[in-house]
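Numbering (full-length UniProt numbering), first residue to last: 1 to 662.
Here a beta-carbon is modelled for each residue, glycine too, at the ideal position from N, C-alpha and C.
Given the structure is predicted, the values throughout are model-derived calculations rather than measurements.
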């Protein structure tokens, strides 16, 4: 075995064991076992890629694994703890059935067993082993520790089998197509996801979604197998058989749909590009029983001079005609947790370190008293979120937020409207996320440092960005795919933002490479029509363009926009009713004379409008397939009204705008 490549892995050729031991904290005197469940990612990766699976197909996994086990697992002479959910018992391995991935065992002497009750006697265990023909799956065995090093590779091999069938293998894998490398297609992404979860690099919402999807898929697949089995054993001409075939087809489609969702999460890029619909369980408190509203003052120390300034500037303004109820806190998180509907939190200058999540479910205002750099809230400790907002009208102003060691964005707007003004956000992962049906108004703020996108805009949301700086992120602004039939078009406004020094694009749109429904439409193309504002309406420093993105039907001719009198573009005899079919109206204003700046604004608006038009065409086709020839005007008139005004895009690694196709 010296020349076998497997001998390089582990410590077979070294004196003494290189593996640790696990001391079992049990009343029964079980021997220690090898400590193998702590292996690093690269150790498991190397084992599966180089020694176990190599380039095998899904149908060959068991054969390749058996071949590996035959090379490295000692056939007999070692002890193991047979562990189930009900009992643990010490056994001795007398043989290994490599092709079945099982060990032939007998009870060790003296008999050692621990269970939740006392029913598992020696006789009972003997009977159980007889029923199993004394063959136990290797993944249920934990190899007893041995200092000699003789059983190191045996312990590692058993660990690799156990880990593989517990975390990597899926019951449906064997039925996957055999025209791909199983390790590359399935093992590597699942292994990476497992370690990303272990190392807290995946938000808990995605982890919960993944485990739920996996459970659902396994349950539906079992039902599918049962239906398929009943079909194969019944009369093919019976009515029951026909019903079963329909049921089986439905189950198969559901399983395939869930499998695709699992693959998206397993892909380290797509799991963040597509995100997940996180359920927000935040419950609003509403108004206090007496209807009172409280102003909360946060300060680590309260000096007389500071209190006098607060009284003058915030607590007793001339317009205040009623008494204010005030509460004092030394921690902003405590103050926010004490808020009810309509409360206000004033945070005095200082550096506040918090270990927790700001969950704002009511209409609350958080205001820094001073400049943002003087009022710093820093998040410590690993956690999913920094600030979660679901309140109807949340306002945050004049604060600096610093995030460290996080797996979620710095601010998540799940529901309602959140206004962010004059803030500085030092991010860690994603910056701000605007979820479906939520609204964000961000103005005069500075956001930087996100390893993902500075701002993520979900379908069906409303996002207004005014006079902000978004820089030194992976991407500046990311607009998620809204072409899916269940997604609504987002409403986006970007005015006078400085988007610069991002690693990728200033703005990136995620969408399918060839949207279904558009590909099949012959002769389909988009046209852009300009109405140039006359100078007697707009000042000379502003050039106004109104862009209608229309779908030109196949027989509309090959006419192009031509300039006519009055500064209005015409398209031959293009009919008014065709113009009314435009889905998207885009307003672009150029506040600077720079053609490069104008090009970036125009490019973003043009692509978003074109994509919106494609969505409209897809909706029409789906309605047509359902026999609906006249669509509800409220449905078909969805517009992505995008205002692109004087934004500057500078020094972004890939340019001002890009499209991520999937």
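Checklist line | Segment contact flag, the stretch 152 to 165 with the stretch 44 to 55, C-beta cutoff 8 Å, min 3 pairs | finding: yes
Next item on the list: Taking residue 229 as the reference, give the member of 40, 244, 462, 416 with the closest Cα.
Entry: By 1-based counting over the chain shown, the position of residue 229 is 229. The option with the nearest alpha carbon to residue 229 is 244.
Check: In its own chain, which residues sit with a C-beta less than 7 Å from the C-beta of residue 223, not counting the 5 before and 5 after it?
Finding: The residue you call residue 223 lines up with position 223 of the chain shown. Closer than 7 Å at the Cβ level, and outside the excluded window around residue 223, lie 251.
Check: Nearest to residue 35 by CA position, among 270, 144, 476, is which residue?
Finding: Position 35 of the chain shown, counted from the start, is the residue given in the question as residue 35. The shortest Cα separation from residue 35 among 270, 144, 476 belongs to 144.
Item checked: Backbone secondary structure at residue 84 - three-state DSSP -> Locating residue 84 in the chain shown gives position 84, where the first residue counts as 1. Looking at residue 84 - three-state DSSP - the assignment turns out to be coil, as it is neither helix nor strand.
Next item on the list: Have a look at 344, 654, 299, 88 and flag the residue whose alpha-carbon is nearest the alpha-carbon of residue 292.
Entry: Taking the chain shown and counting its residues from 1, one reaches residue 292 at position 292. Measuring from the Cα of residue 292, the nearest candidate turns out to be 344.
Margin query: Measuring straight from C-alpha to C-alpha, what distance separates residue 267 and residue 197?
Written below: To locate residue 267, count along the chain shown from 1; it is residue 267. To locate residue 197, count along the chain shown from 1; it is residue 197. Each residue's alpha carbon lies about 13 Å from the other.
Note to self: Tell me the rounded alpha-carbon separation between residue 187 and residue 57.
What the structure shows: Here residue 187 refers to the residue found at position 187 when the chain shown is read from its first residue. Here residue 57 refers to the residue found at position 57 when the chain shown is read from its first residue. Spanning the two alpha carbons is a distance of roughly 11 Å.
Margin query: Taking 7 Å as the cut-off, is the beta-carbon of residue 489 closer than that to any non-hydrogen atom of the ligand ZN?
Written below: The ligand ZN is not part of this structure, which contains no ligands at all.
Check: What do you reckon, are the CB atoms on residue 149 and residue 361 nearer than 8 Å?
Finding: The sequence position of residue 149 within the chain shown is 149, counting from 1. The sequence position of residue 361 within the chain shown is 361, counting from 1. Not closer than 8 Å, so no.
Note to self: In whole angstroms, give me the CA-to-CA distance for residue 142 and residue 174.
What the structure shows: Numbered from its first residue, the chain shown carries residue 142 at position 142. Numbered from its first residue, the chain shown carries residue 174 at position 174. Approximately 27 Å, taken between the alpha carbons.
Item checked: Burial state of residue 297, where buried means 16 or more other Cβ atoms lie within 10 Å -> For the purposes of this step, residue 297 is taken as residue 297 along the chain shown, with counting starting at 1. That one is buried.
Margin query: Here's a check: name, in chain order, each residue in its chain whose Cβ is nearer than 6 Å to the Cβ of residue 88, leaving out the five neighbours to either side.
Written below: Counting from 1 along the chain shown, the entry for residue 88 is found at position 88. Correct list, in chain order: 81, 114.
Note to self: With three or more C-beta pairs closer than 8 Å as the rule, is the stretch 607 to 616 touching the stretch 503 to 512?
What the structure shows: yes
Notebook entry, point to check: So which of 184, 177, 155, 179 has the shortest CA-CA distance to residue 168?
Noted result: One-based indexing of the chain shown puts residue 168 at position 168. Comparing Cα positions, the closest option is 184.
Check: If you compare alpha carbons, which of 440, 439, 336, 432 is closest to residue 447?
Finding: Walking along the chain shown from the start, residue 447 turns up at place 447. Residue 447 has its Cα closest to that of 432, out of 440, 439, 336, 432.
Item checked: For residue 249 and residue 157, the rounded distance between their alpha carbons -> Counted from its first residue, the chain shown places residue 157 at position 157. Counted from its first residue, the chain shown places residue 249 at position 249. Distance between the alpha carbons of residue 157 and residue 249: 39 Å.
Next item on the list: State the CB to CB distance for the pair residue 135 and residue 159, rounded to an integer number of angstroms; the pair is presumed to be in contact (CB under 8 Å).
Entry: Mapped onto the chain shown, residue 135 falls at position 135. Mapped onto the chain shown, residue 159 falls at position 159. At roughly 20 Å, the Cβ-Cβ gap does not stay under 8 Å, so residue 135 and residue 159 are not in contact.
Next item on the list: Check the DSSP bridge columns for residue 107 and list the partner residues they point to.
Entry: On the chain shown, position 107 is the one that residue 107 refers to. DSSP lists 91 as partners of residue 107.
Check: residue 152: which of 218, 72, 176 sits nearest, CA to CA?
Finding: Indexing the chain shown from 1 puts residue 152 at position 152. Per the Cα distances, 72.
Next item on the list: Report the residue from 216, 90, 421 whose alpha carbon sits nearest the alpha carbon of residue 122.
Entry: Indexing the chain shown from 1 puts residue 122 at position 122. Ranking 216, 90, 421 by Cα distance to residue 122 puts 90 first.
Margin query: Could you tell me which whole beta strand (DSSP E) segments of length 3 or greater appear in the UniProt domain "Right handed beta helix" (405 to 509)?
Written below: 411 to 413, 417 to 421, 424 to 426, 432 to 434, 439 to 443, 446 to 448, 453 to 457, 462 to 466, 469 to 471, 475 to 479, 491 to 495, 498 to 500
Notebook entry, point to check: If you count every other CB in all the chains shown that lies within 10 Å of the CB of residue 79, and 16 or more means buried, which is it?
Noted result: For this step, residue 79 is matched to residue 79 along the chain shown. Buried.
Checklist line | Delimiting residues of the alpha helix (DSSP H) encompassing residue 44 | finding: Within the chain shown, residue 44 is the residue found at index 44, counting from 1. It spans 41 to 46 - the alpha helix (DSSP H) in which residue 44 sits, taken as one unbroken run.
Item checked: CB of residue 495 within 8 Å of CB of residue 646, strictly -> Here residue 495 is taken as the residue at index 495 of the chain shown, counted from 1. Here residue 646 is taken as the residue at index 646 of the chain shown, counted from 1. Against a cut-off of 8 Å, the Cβ pair of residue 646 and residue 495 comes out as a contact.
Item checked: For residue 499 and residue 480, believed in contact at Cβ under 8 Å, the rounded distance -> For the purposes of this step, residue 480 is taken as the residue at position 480 of the chain shown. For the purposes of this step, residue 499 is taken as the residue at position 499 of the chain shown. Contact flag wrong, Cβ pair sits at about 18 Å.
Notebook entry, point to check: So who's on the other strand from residue 325, going by DSSP bridges?
Noted result: Translated into positions along the chain shown, residue 325 becomes position 325. Beta-bridge pairing links residue 325 to 294.
Checklist line | residue 20, DSSP secondary structure in three states | finding: Counting from one through the chain shown, the residue named residue 20 turns up at place 20. Residue state, collapsed to three classes: strand.
Next item on the list: Return the chain-ordered list of same chain residues with a C-beta closer than 7 Å to the C-beta of residue 333, the five sequence neighbours on each side being excluded.
Entry: The residue labelled residue 333 in the question sits at position 333 within the chain shown. Closer than 7 Å at Cβ, skipping near neighbours: 354, 356, 358.
Next item on the list: Could you check the C-alpha separation between residue 280 and residue 438 for me, to the nearest Å?
Entry: Indexing the chain shown from 1 puts residue 280 at position 280. Indexing the chain shown from 1 puts residue 438 at position 438. Residue confidence for residue 280 is low, a pLDDT of 48 falling below 50, so the modelled location carries little weight; the figure read from the coordinates is stated next. So the alpha carbons of these two residues sit roughly 12 Å apart.
Notebook entry, point to check: Hey, quick one: how far does the alpha helix (DSSP H) through residue 65 stretch, first residue to last?
Noted result: Here residue 65 corresponds to residue number 65 of the chain shown, with the count starting at 1. First-last of the alpha helix (DSSP H) with residue 65: 61 to 72.
Check: Which value, in whole angstroms, describes the spacing of the CA atoms of residue 474 and residue 311?
Finding: If you number the chain shown from 1, residue 474 lands on position 474. If you number the chain shown from 1, residue 311 lands on position 311. Between residue 474 and residue 311, the C-alpha separation is close to 43 Å.
Notebook entry, point to check: What distance in whole Å lies between the Cβ atoms of residue 217 and residue 262, which are believed to be in contact at a cut-off of 8 Å?
Noted result: Translated into the one-based positions of the chain shown, residue 262 becomes position 262. Translated into the one-based positions of the chain shown, residue 217 becomes position 217. Yes, residue 262 and residue 217 are in contact; Cβ-Cβ is about 7 Å, under 8 Å.
Check: Tell me the DSSP bridge mates of residue 661?
Finding: As a working mapping, residue 661 is identified with position 661 in the chain shown. Bridge partners of residue 661: 511.
Next item on the list: State the DSSP-derived secondary structure class of residue 102, mapped to helix, strand or coil.
Entry: Counting from one through the chain shown, the residue named residue 102 turns up at place 102. Correct three-state label for residue 102: strand.
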